[in-house]
Amino acid sequence: MGTDKKKKREKTLAEQADKYVLYEAAVQSPDVDASFFRKVFRKRFSRDPRILREDFCGTAAVCCQWARSGRDRLAIGVDLDPVPLAWARQHNLAALPRKVRERVQLVQGDVREVEGPAADVVAAQNFSFFIFKTRDEMRGYFEAARRHLAEEGLLILDMMGGSQSHIEDHVEKRKVGKGKVAGISHPAFQYLWEQRRFDPITHRSKNHIHFRFRDGSRLRRAFSYDWRLWTLPEVQEVLVEAGFDEVQVYWEGTDSKTGEGNGRYRPRRHAPADPAWIAYVVAARTR
Ligand SMILES: C[S@@+](CC[C@H](N)C(=O)[O-])C[C@H]1O[C@@H](n2cnc3c(N)ncnc32)[C@H](O)[C@@H]1O
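Mapping of the sequence shown onto the numbering used here: position 52 corresponds to residue 70, and the numbering continues sequentially without gaps.
Rendered as structure tokens:
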């Protein structure tokens, strides 16, 4: 009696989704990152890097790729938040063969405080150091990163900017096809990057990531960011103040047919005023 009424509603695609799977599928390319780190390190020091420290590692996708890509490679991931670290252990590390997994170490803590083995490369990706709001905080992080490097080592940061990053209530949309992350399948979805606020006086910026599915369901504000949009000259100057011996900006080349970025980054001293750029900053410790 009355059992039909209790028939369960099917879960929406958003309710079934794992936000870390969607994040990795939409914004991360660990293989591209790992081969870029190797390339720039080889270019500077004429040998292969072995130890990677991934600061702000989240789900440690880059650590896992690093360990997978060479039998002598070690990766240390550091993040303040236990939730993505637990996800990393349960999914990304669990998907690795045991011998590879043993070469990945995850540590919960502040990137400025967690010590570890001297790294060949310290990487801070997806604009994570933008959480530091003052020059002193940013310099403190760069000094710590330099301390965590071997006597020959590179700190590799990515940055974004351009006039488009100063627009408020601006949403960029991108389709992501169905696929798999750490053995977990995900459906096709839409990735939305919302620039909610930008304050020209403080350069504080508030942004959100949302995901939308073909059944109309959404994961709103799956990730939110409260950043200071640092500029390339500021970051280069503060890296030198923090003791780095050389600082270079790697700028993306342009595809001559489409006029769009070609995914190849080279050291540059000057660049055109691209309205939406992503660049790497590579700071070397040489002694
Ligand atoms: C934008 S996510 C980056 C995730 C991943 N590295 C990537 O490239 O996509 C930023 C991460 O930094 C972490 N975080 C923020 N402040 C931190 C701090 N002071 N020390 C360590 N981790 C921190 C957050 O918990 C979050 O997981």
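All residues carry an ideal CB built from backbone N, CA and C; glycine is no exception.
- Put simply, the stretch 114–126 does not touch the stretch 55–64. Fewer than three CB pairs are less than 8 Å apart.
- Judged by beta-carbon spacing, Trp245 lies beyond the 8 Å limit of Phe160, meaning their Cβ atoms are not closer than that value.
- Spatial neighbours of Ile296 in its own chain (CB-CB distance under 6 Å, excluding positions within 5 residues in sequence) are listed in chain order as Met178.
- In this structure, the alpha-carbon of Asp97 lies about 12 Å from that of Gln143.
- Taking the Cα positions, Ala32 is about 12 Å away from Arg239.
- Between Asn225 and Trp248, the beta carbon gap of about 14 Å keeps them out of contact (Cβ cut-off 8 Å).
- When the five nearest sequence neighbours on each side are left out, the beta carbons in the same chain lying within less than 6 Å of the beta carbon of Asp176 are those of Gln143 and Tyr298, in order along the chain.
- Between the C-alpha atoms of Ala112 and Ala78 there is a straight-line separation of about 12 Å.
- Inclusion of Phe74 in the 7 Å shell around ligand 1 follows from its C-beta lying nearer than that to a non-hydrogen atom of the ligand.
- Rounded to whole angstroms, the gap between the alpha carbons of Arg286 and Glu270 is 9 Å.
- CA-to-CA, the gap between Leu103 and Gly201 works out to about 17 Å.
- In the structure shown, Val125 falls within a strand segment according to DSSP collapsed to helix, strand and coil.
- When the Cα atoms are used, Pro67 and Val139 turn out to be separated by approximately 7 Å.
- The beta carbons of Arg86 and Leu172 sit no closer together than 8 Å.
- For Ala85, no beta strand (DSSP E) encloses it; the enclosing alpha helix (DSSP H) starts and ends at Ala79 to Arg86.
- Counting the other CB atoms within 10 Å of its CB gives Gly76 a total of 16 or more, which places it among the buried residues.
- Within the stretch 192–219, the complete beta strand (DSSP E) runs of at least 3 residues fall at 197–199, 202–204 and 207–216.
- Unbroken beta strand (DSSP E) runs of no fewer than 3 residues, entirely contained in the stretch 222–259, are found at 222–230 and 236–246, following chain order.
- Bridge pairing for Ala141: Glu72 and Ile174 [DSSP].
- The beta carbon of Pro100 sits no closer than 7 Å to any heavy atom of ligand 1.
- The stretch 149–158 makes no contact with the stretch 271–281; the number of CB pairs closer than 8 Å stays below 3.
- Its chain contains Ala85 and Arg86 as the residues whose beta carbon lies nearer than 6 Å to that of Val118, once the 5 sequence neighbours on both sides are disregarded; these appear in chain order.
- Residue nearest to Arg164 within the set Val265, Phe241, Pro218 and Asp187 is Val265 (criterion: CA-CA distance).
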